[in-house]
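Quick note on my numbering: the sequence shown kicks off at 4 and runs consecutively. All residues carry an ideal CB built from backbone N, CA and C; glycine is no exception.
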Amino acid sequence: MEEDQDLKKILSKYKQKLNEELNISPEDIPKEVTSMEYVEFKKDFLPKELSLYERLCNSSEKILKLAPDKKTADLLQESIDICHLNVTPSGAESFAILIPLIILLFGGLLSFFIFQSLFFVFYFVVVGLILMVIFRKLPEFLANNWRLKASNQMVQCIFYVVTFMRHTSSLEGAIAFAAQHIAPPLSLDMKKVLWDVETEKYESIKESLDAYLETWRKWNIEFIESFHLIESSLYEPSEDRRLSLVDRALDVMLEGTYEKMLHYAHNLQSPIQTSHMLGVIMPLLGLVILPLMVSFMGTV
Numbered sequence: 004m005e006e007d008q009d010l011k012k013i014l015s016k017y018k019q020k021l022n023e024e025l026n027i028s029p030e031d032i033p034k035e036v037t038s039m040e041y042v043e044f045k046k047d048f049l050p051k052e053l054s055l056y057e058r059l060c061n062s063s064e065k066i067l068k069l070a071p072d073k074k075t076a077d078l079l080q081e082s083i084d085i086c087h088l089n090v091t092p093s094g095a096e097s098f099a100i101l102i103p104l105i106i107l108l109f110g111g112l113l114s115f116f117i118f119q120s121l122f123f124v125f126y127f128v129v130v131g132l133i134l135m136v137i138f139r140k141l142p143e144f145l146a147n148n149w150r151l152k153a154s155n156q157m158v159q160c161i162f163y164v165v166t167f168m169r170h171t172s173s174l175e176g177a178i179a180f181a182a183q184h185i186a187p188p189l190s191l192d193m194k195k196v197l198w199d200v201e202t203e204k205y206e207s208i209k210e211s212l213d214a215y216l217e218t219w220r221k222w223n224i225e226f227i228e229s230f231h232l233i234e235s236s237l238y239e240p241s242e243d244r245r246l247s248l249v250d251r252a253l254d255v256m257l258e259g260t261y262e263k264m265l266h267y268a269h270n271l272q273s274p275i276q277t278s279h280m281l282g283v284i285m286p287l288l289g290l291v292i293l294p295l296m297v298s299f300m301g302t303v
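Structure representation (structure tokens):
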């Protein structure tokens, strides 16, 4: 009993010292992320259009269950996981076929009985076919949109993780600290990493984080390298070496972002020059050449 009290006192002193070093209030201390907290957080911050898409996909799957092929199903599942959607590839495929089919049939029949014209029937057939193509690409579009928003927060995320790791060598605490201080959508990703450990989908925070980082391998390798350096710092016995790896993680993220900005600016150079030529140079040349042409035609 006395040992438990002594242990509580030691933990209390350690938490107080940690709060003073990080300069955060007790209310800002990252709490344990439970499954219910993640669900409530997702419900609050997931865009309404995604929630509507979830409901439509789940309803469509109950009415008309269509299973996509293996390759398409894998691509759909990857996009679904990125957006944290509670749908299946079969539900997404059913939605992409059922909704346009309903629009095609009801729109075509209704327009035929009202206007007695095949033109509107053909119009709704074309609209339905176009919507089928668009809706099948919708999960990929939503995933790309999610990636773009999350990419803008990666430097900030690494900064918060590094800030916490410099004081306390705890990867789980650092991720929780970053998830609490950054905005969605990346905060939702970080909470999902913690939630997967709490629900025992993965055995450790490192395994859960590595699985999440794999989703960014094709898009942002600097983000992955930074987190790998942070993970490596956990195994360093030397404090100086540990801090050096943590600082290096932030440098890698900043340098990678800077290089991407340079490439982006360089790739914009040709389109800007083309726009300048068409919008400025060509009209000026027209103002110069047009009077010459008029005077030349007058002499003829």
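Does residue i have its Cβ less than 8 Å from a Cβ in chain B?
| i | result |
| --- | --- |
| residue 238 | In the structure shown, chain B cannot be found, because there is only a single protein chain. |
Verify whether the separation of the beta carbon atoms of residue i and residue j is less than 8 Å.
| i | j | result |
| --- | --- | --- |
| residue 111 | residue 90 | no |
| residue 106 | residue 127 | yes |
| residue 165 | residue 252 | yes |
| residue 191 | residue 157 | no |
| residue 205 | residue 181 | no |
| residue 55 | residue 102 | no |
| residue 233 | residue 249 | yes |
| residue 354 | residue 178 | For residue 354 there is no data in the structure shown, the boundaries of the chain being 4 and 303. |
| residue 176 | residue 225 | no |
| residue 174 | residue 237 | yes |
| residue 154 | residue 223 | yes |
| residue 133 | residue 160 | no |
| residue 78 | residue 169 | no |
For residue i, tell me which candidate among the options has the shortest Cα-Cα distance.
| i | options | result |
| --- | --- | --- |
| residue 74 | 93, 68, 62 and 56 | 93 |
| residue 240 | 172, 287, 257 and 77 | 172 |
| residue 53 | 65, 202, 64 and 95 | 95 |
| residue 88 | 57, 260 and 113 | 57 |
| residue 97 | 64, 117, 174 and 281 | 64 |
| residue 76 | 216, 140, 116 and 280 | 140 |
Looking at the secondary structure, which residues open and close the alpha helix (DSSP H) in which residue i lies?
| i | result |
| --- | --- |
| residue 194 | 189 to 201 |
| residue 114 | 92 to 118 |
| residue 207 | Counting along the chain, residue 207 falls outside any alpha helix (DSSP H), and DSSP gives it neither H nor E. |
| residue 171 | Careful: residue 171 lies outside any alpha helix (DSSP H) and carries neither H nor E. |
| residue 282 | Counting along the chain, residue 282 falls outside any alpha helix (DSSP H), and DSSP gives it neither H nor E. |
| residue 75 | 73 to 86 |
| residue 147 | 121 to 154 |
| residue 185 | First-last for residue 185: undefined, no H or E at that position. |
For residue i, does the count of other Cβ atoms within 10 angstroms reach 16, so buried, or fall short, so exposed?
| i | result |
| --- | --- |
| residue 131 | buried |
| residue 38 | Residue placement at residue 38 is flagged as unreliable, the pLDDT there being 46, under the threshold of 50; the coordinate-derived value follows with that caveat. By the 10 Å Cβ count, residue 38 comes out exposed. |
| residue 150 | buried |
| residue 264 | exposed |
| residue 31 | Only weak support is given to the placement of residue 31: the predicted model assigns it a pLDDT of 46, under 50, and the question is left unresolved by the model. |
| residue 34 | A caution first: residue 34 carries a pLDDT of 46, below 50, which makes its placement in the model too unreliable to give a value. |
Touching by the beta-carbon criterion (3+ pairs, under 8 Å), the segment 135 to 150 and the segment 82 to 102: Contact annotation: the segment 135 to 150 touches the segment 82 to 102, with at least three C-beta pairs closer than 8 Å.
Three or more C-beta pairs below 8 Å linking the segment 266 to 276 and the segment 286 to 298: Contact fails: fewer than three Cβ-Cβ distances are below 8 Å.
Three-pair Cβ contact test at 8 Å for the segment 220 to 230 versus the segment 252 to 262: Yes, the segment 220 to 230 touches the segment 252 to 262.
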